[in-house]
Every structure is written in structure tokens, then in C-alpha cells.
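Worksheet: the structure to be examined is printed underneath.
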Amino acid sequence: DAVGYMSGGFRSMYDAFLDELRAHGGTLVTGERVERLETEDGRVVAAITASERYEADAFVCTLPPQDAPAIARERSDLRAELEQWAGIEDVRALCMDLGFSREVRANLALVFEIERDLYYSIHSFTTPDLAPAGGQLLHAMAYLSPEEVANAELLQRRKDELVAGLDLHFAGWRDAIAVERTLSAVRVVGARQTPANRKRLVPLRSASAANLYFAGDARDVPLNLSQIVLASAIEVADAIAATPASLRETTTVA
Ligand SMILES: Cc1cc2nc3c(=O)[nH]c(=O)nc-3n(C[C@H](O)[C@H](O)[C@H](O)COP(=O)(O)OP(=O)(O)OC[C@H]3O[C@@H](n4cnc5c(N)ncnc54)[C@H](O)[C@@H]3O)c2cc1C
4 DAVGYMSGGF
14 RSMYDAFLDE
24 LRAHGGTLVT
34 GERVERLETE
44 DGRVVAAITA
54 SERYEADAFV
64 CTLPPQDAPA
74 IARERSDLRA
84 ELEQWAGIED
94 VRALCMDLGF
104 SREVRANLAL
114 VFEIERDLYY
124 SIHSFTTPDL
134 APAGGQLLHA
144 MAYLSPEEVA
154 NAELLQRRKD
164 ELVAGLDLHF
174 AGWRDAIAVE
184 RTLSAVRVVG
194 ARQTPANRKR
204 LVPLRSASAA
214 NLYFAGDARD
224 VPLNLSQIVL
234 ASAIEVADAI
244 AATPASLRET
254 TTVA
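So this is what it looks like as C-alpha cells:
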């Protein structure tokens, strides 16, 4: 079986969204972290960054649930609400993205070593424009336990296993590297699909701040990964569009 990847990478989807946003008079602010949400009478009135204060009638929080409490004032109702999701167990992985200057292995889409939770996908097999002609893009991933995330020695052991798998399945890979990028414990998804997590996923709207909505992959939408992100974003947009016109101005805080 093959796994599909987006032609041009995720960037092509973001660019399409940005074209729509700008065509409708919107602007995108990047590189700013929301440090705090200012609340008043059960509503969010502004998102505060290091250099700006953004006021809006509606806000969409897409922070991973583990990080979200930090932007609410301590001991506030919103802080207490966000903290109930901070303990949701996420999925982490050690990832290596490898761009090869030549074809290292032909006629292979992916290898999933189920016993050791190691995943190797030649993204450019199904989506050739992800690599220059004649080259290949390989994504190698070792799923991590919470113990491995927290312990440098265990993490290194996982990296050694991942590299051993590269040696096994992609002979000669080292000599073909044109680009390499390693992420040591990246969050793959905000909420691991476990029975315990499914009982406490993040809802559409905040109970303590009426104009604060949530989107992202820890939302209570019965789909997977980025499907949850897109479906929850559409749900939020529909909910905001259904509110009176005077309340439609929106700020996305992540
Ligand atoms: C290696 C890897 C491979 C994956 N492969 C697939 C796949 O094949 N298919 C698939 O469907 N999904 C895949 N996923 C999962 C998918 O990428 C995620 O589900 C998706 O990106 C989650 O989107 P999100 O908006 O919920 O969260 P994120 O993408 O984590 O976005 C949250 C954003 O909030 C920002 N942020 C955090 N704090 C603040 C703050 N205080 N102020 C402002 N911004 C803030 C962060 O910088 C980040 O940009 C993969 C993920 C990884 C890491």
C-alpha cells in the first residue's frame, strides 16, 4: 500500500488558504507568540504578544492542549478550564527527513516495523515533486514513549534503532544525503487515540469564555490527525459565521 502526500508539500495548502484570506481582506501575522489572553466578563477581549495587543470579537485557540494553560491568567476560570486538558497524552516521535541526491531504493513506498514502531516512508515515491528529479525524499520516524522523551540515553537508543533500520532497508543512504533534518522529540499529534483520552478531548467552544473557540488535532472530532485539524477549523468557522455579524471579526492566536 502507499501513503499519499500533498503535492508541493503542506506549503501549497497554506498558500491556497492565504490567497483566500488575503482576497477577503485578512492578514496573517507570523513569528509572534501569544503570551496571554485578556478576559473580561466571561469573554476574551484581547490576545497579548510581546509587541502587540490584538482585540477581536471572537478568538480561535489552536495551541496544543499541553501548552494552552500558559496563556490564561493564573487562578482564572479560563486557566482552570484549559488545565483539565493539559494532561492529555500526546504522541511524540524522533524524525529524520533525508533528501537524497540519487535514488537509494526503487519501487518502495514505505516500511513499517510494527514490533519496534519504526516507520520509513519515501514520500517522493507517491508524490514525485517532493524531491528534485533523480532524487528521493525519505522520512524516517521512531515513535517514542514518554520515558524515551524524558531520558537522553533512551532517546539516543531509539535514534540508533532508527539508523540501524536505515542501514537495513536503504543501503548506501549516507553517501546520498543532500539534505538532513532531525527533530528529536516532535509532537506528532496532541491527543493519542486512547480510551482515556477520548473521554476528555477539547470541545468546540470554551465554557468560561463564550467567544473562545478551539481547533486542532486534540479536538473531539472522530477523525485522524490533520483530518481533525481541518474538520475542527471548518466547525469553528461555521460556528462563528452563525453568530451575529457584529461578532464575526476573528483573531487566530496560533
Ligand atoms: C513528523 C510528523 C508527521 C506527520 N504525518 C502526518 C501525516 O502523514 N498525515 C496527517 O494527517 N498528519 C500527520 N502529522 C500530524 C499533523 O501534522 C498534525 O496533526 C497537525 O499539524 C496538527 O495541527 P494543529 O494545528 O492542531 O497543531 P500544530 O501543527 O502543532 O500547530 C500549533 C501551532 O501553535 C503554535 N503555538 C504554540 N504556542 C503558541 C503561542 N503561545 N502563540 C502562538 N502560537 C503558538 C505552534 O508554534 C504551532 O505552529 C504528522 C506530524 C508530524 C510531526
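Numbering-wise (our numbering), the sequence shown opens with residue 4 and increments by one.
By construction, the Cβ of each residue, glycine as well, lies at the ideal position given by its N, Cα and C atoms.
Keep in mind the model is a prediction, meaning the values are calculated, not measured.
Each of Ala167, Phe13 and Ala134 was checked against the Cα of Ser104, and the nearest Cα belongs to Ala134. Beyond the five residues adjoining it in sequence on each side, Glu151 comes within less than 6 Å, by CB distance, of Leu157, Leu158 and Arg161 in the same chain, given in chain order. Contact annotation: Leu97 and Ala155 have beta-carbon atoms that are not nearer than 8 Å.
According to DSSP, residue pairing for Ser124 in a beta bridge involves Leu113 and His142.
Looking at Thr246, Arg95 and Ala242, the one whose alpha-carbon comes closest to that of Asp120 is Arg95. Taking a cut-off of 8 Å on C-beta distances, the region 204 to 222 touches the region 82 to 95, as three or more cross pairs fall below it.
Between Arg195 and Asp93, the CB-CB gap stays under 8 Å. Arg39 has its alpha-carbon roughly 12 Å from the corresponding atom of Ser54.
The C-beta distance from Pro68 to Ala50 rounds to 18 Å, too long to fall under 8 Å, and the pair is not in contact. Uninterrupted beta strand (DSSP E) stretches at least 3 residues long and entirely within the region 187 to 251 occur at 215 to 217, given in chain order. Taking C-beta atoms as the reference points, Ala61 and Ile237 fail to come closer than 8 Å. For Arg190, the distance from the CB to the nearest heavy atom of ligand 1 is below 7 Å. By the CB criterion at 8 Å, Ala153 and Thr129 fall outside the cutoff. A Cβ-Cβ contact shorter than 8 Å links Ile74 with Val37. The DSSP-derived three-state label of Ile91 is coil. 8 Å or more divides the Cβ of Val239 from the Cβ of Ala221. The criterion of a C-beta distance shorter than 8 Å is not satisfied by Asp132 and Ser229. Thr52 sits in coil when the DSSP states are folded into three classes, being neither helix nor strand. Ser235 is the residue among Val191, Ala199, Thr197 and Ser235 whose C-alpha sits nearest the C-alpha of Arg208. In the DSSP assignment, Val166 falls within the alpha helix (DSSP H) that extends over Ala155 to His172. When beta bridges are read from the DSSP output, Gly102 appears opposite Leu140 and Val182.
Our two residues, Gly12 and Pro72, have alpha carbons roughly 31 Å apart in a direct line.
DSSP, read as helix, strand or coil, puts Leu81 in helix. Judged by DSSP in its simplified three-state form, Thr42 adopts strand. Going by DSSP, Ala26 is part of the alpha helix (DSSP H) stretching over Phe13 to Ala26.
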